[in-house]
Amino acid sequence: MMAKKRSGLVYLLVLWIVISGLAWPAFVGSATVLSHLGGEGWQLDAWSQIPKSLLLQHFLDGYRQSLIIALPVGLVAVIDYLLLSRYRITWWLAGILMPVTGAALALYFFTQAANALPTLVLTGVVLAIVHRLVDLMAGSASRGRLR
């Protein structure tokens, strides 16, 4: 029983680290895709003109500054797993809290939420997909962890 509890805690820790670690890259990717689809291709042009070392430095600075938001988002993924991923009926809804959290972040932190809402919701969708992939790779359905 203790080994099962320990493996569950390890899984929750891995889920928290993975989602927190991928929050900034998912945000940058979502913003890039939405700006390109919206006709703002200047961002991709600017990336080709900026030295790669400077681009990497800006990305890493943003990564460090986003940890204050990314760590609680990872915690939301853990809470989402604990509430929804453990039972067969609610497993289909697992990950839904990630886009909802993105929308809540946009509404809470931005005065003009309409500008940030699509990017943060798309980031939440990407993180929900990662959440489900981690859940499937851990073998929740195949090993009978779902009740």
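Numbering-wise (numbering that gives the first Met the number 0), the sequence shown opens with residue 0 and increments by one. For glycine and all other residues, C-beta sits at the position ideal for the given N, C-alpha and C. In this text, all values refer to a predicted model and were calculated from it rather than measured experimentally.
- Separation of residue 59 and residue 138 (C-alpha to C-alpha, rounded to the nearest whole angstrom) is 32 Å.
- By the beta-carbon neighbour count (other beta carbons within 10 angstroms, threshold 16), residue 40 is exposed.
- Assigned with DSSP and collapsed to three states, residue 7 falls in helix.
- When the Cα atoms are used, residue 61 and residue 29 turn out to be separated by approximately 15 Å.
- With contacts defined as CB atoms closer than 8 Å, residue 93 and residue 134 qualify as a contacting pair.
- Judged by DSSP secondary structure, residue 71 falls within the alpha helix (DSSP H) whose first and last residues are 51 to 79.
- With a beta-carbon spacing of about 7 Å, residue 72 and residue 19 fall inside the 8 Å limit used to define contacts.
- Residue 136 and residue 117 have their C-alpha atoms roughly 28 Å apart.
- The beta-carbon distance between residue 27 and residue 129, rounded to whole angstroms, is 14 Å. This is too long to meet the 8 Å contact definition.
- The Cβ-Cβ distance between residue 54 and residue 46 falls below 8 Å.
- The continuous alpha helix (DSSP H) containing residue 101 extends over residues 96 to 108.
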